[in-house]
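Worksheet: the structure to be examined is printed underneath.
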Amino acid sequence: MSDIPIGINFHSSFFELFGIPLHYNVERSAIHGRYLELQRIVHPDRFAGLGERGQRLAVQYAAFVNEAFDTLCSPLKRALYLLEISGHPVDIEKNTVMDTAFLMEQMSLREDLAEVRGCSDPEAAIEAVRERAEALMGSLKEEFVSYWQQGESGFAKAADCARKMHFADRLLTEAEQLEEDIFDN
174 MSDIPIGINF HSSFFELFGI PLHYNVERSA IHGRYLELQR IVHPDRFAGL GERGQRLAVQ
234 YAAFVNEAFD TLCSPLKRAL YLLEISGHPV DIEKNTVMDT AFLMEQMSLR EDLAEVRGCS
294 DPEAAIEAVR ERAEALMGSL KEEFVSYWQQ GESGFAKAAD CARKMHFADR LLTEAEQLEE
354 DIFDN
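Numbering (the numbering used here), first residue to last: 174 to 358.
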């Protein structure tokens, strides 16, 4: 980004931007204060006198800060970002090869989710699926950290964990959406 004098290096990593170590484990509460500070610094209203170009740059800065915060707060996005800045980007949409046991577990969870509407207690059924998916996500996060910390020798397995995290994340989102559909109607 360019010549708006704001004292922030927008060519740095998201971790540097938020002043935290390059590590997978990030607590939202640990970066929330810095996020608010950055939002104040780059808010477009502060650059109203710089004309259209200045406003456009301020909006880009604000978008960058929002993207950084969103990435650092999301376990999946954070894993993908770490792999990317380590030189091992993962194309989640194109590379979906998974081991058979994982795929069978995913199919089972999706079947359970699909059957929720016909259950006598859909709330309990959704919660059971969510608990299994959250446990899966938790173990995948631990695996990711273990492989990522190995460096070059572990990046391929860390990428595999990130792809699996994508499936678990989508399942959790679908469970949340189904819960809203059932109980908000």
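All C-beta atoms in this analysis are idealised placements derived from N, C-alpha and C, irrespective of residue type, glycine included.
Run of the alpha helix (DSSP H) containing residue i, from where it starts to where it stops
i      : result
GLY311 : 295–322
GLU189 : 187–190
TYR208 : 201–215
PRO248 : 248–258
Top-ranked residue by Cα proximity to residue i, from the options
i      : options                        : result
GLU278 : SER247, ALA306, LEU253         : ALA306
TYR208 : ILE193, TYR197, ASN198, SER281 : ILE193
PHE191 : LEU309, ALA203, PRO295         : ALA203
ASP218 : LEU211, GLN228, SER185         : GLN228
VAL238 : HIS205, ALA329, SER259, LEU309 : HIS205
PHE356 : PRO295, PHE328, THR273, VAL302 : PRO295
ILE299 : ALA287, ALA221, ALA308         : ALA287
LEU253 : GLU353, PHE187, LEU351, LEU345 : PHE187
HIS351 : LEU195, LEU276, VAL302         : Here residue 351 turns out to be Leu, not His, going by the sequence shown. Of the candidates LEU195, LEU276, VAL302, the one whose C-alpha sits nearest the C-alpha of LEU351 is VAL302.
GLU349 : GLY324, SER326, ALA297, GLY327 : ALA297
Helix, strand or coil at residue i according to DSSP, with G and I counted as helix
i      : result
ASP264 : coil
CYS334 : helix
GLY327 : coil
MET280 : helix
ASP354 : helix
ASP342 : helix
TYR197 : coil
GLU225 : helix
ASP272 : coil
ILE288 : With the sequence shown as reference, residue 288 is identified as Glu, and Ile is not the correct amino acid for it. In the structure shown, GLU288 sits in coil (DSSP, three-state: anything other than H, G, I, E or B).
SER175 : Any reading at SER175 must be qualified, since the residue scores a pLDDT of 47, below 50, and its modelled position is unreliable; the value itself is stated next. If DSSP states are grouped into helix, strand and coil, SER175 belongs with coil.
Inter-residue CB distance, residue i and residue j (contact presumed, cutoff 8 Å)
i      : j      : result
LEU249 : ALA335 : 7 Å
VAL199 : ARG283 : Not confirmed; about 29 Å, so no contact.
MET271 : LYS330 : Not a contact, Cβ separation roughly 13 Å.
PHE317 : TYR197 : 6 Å
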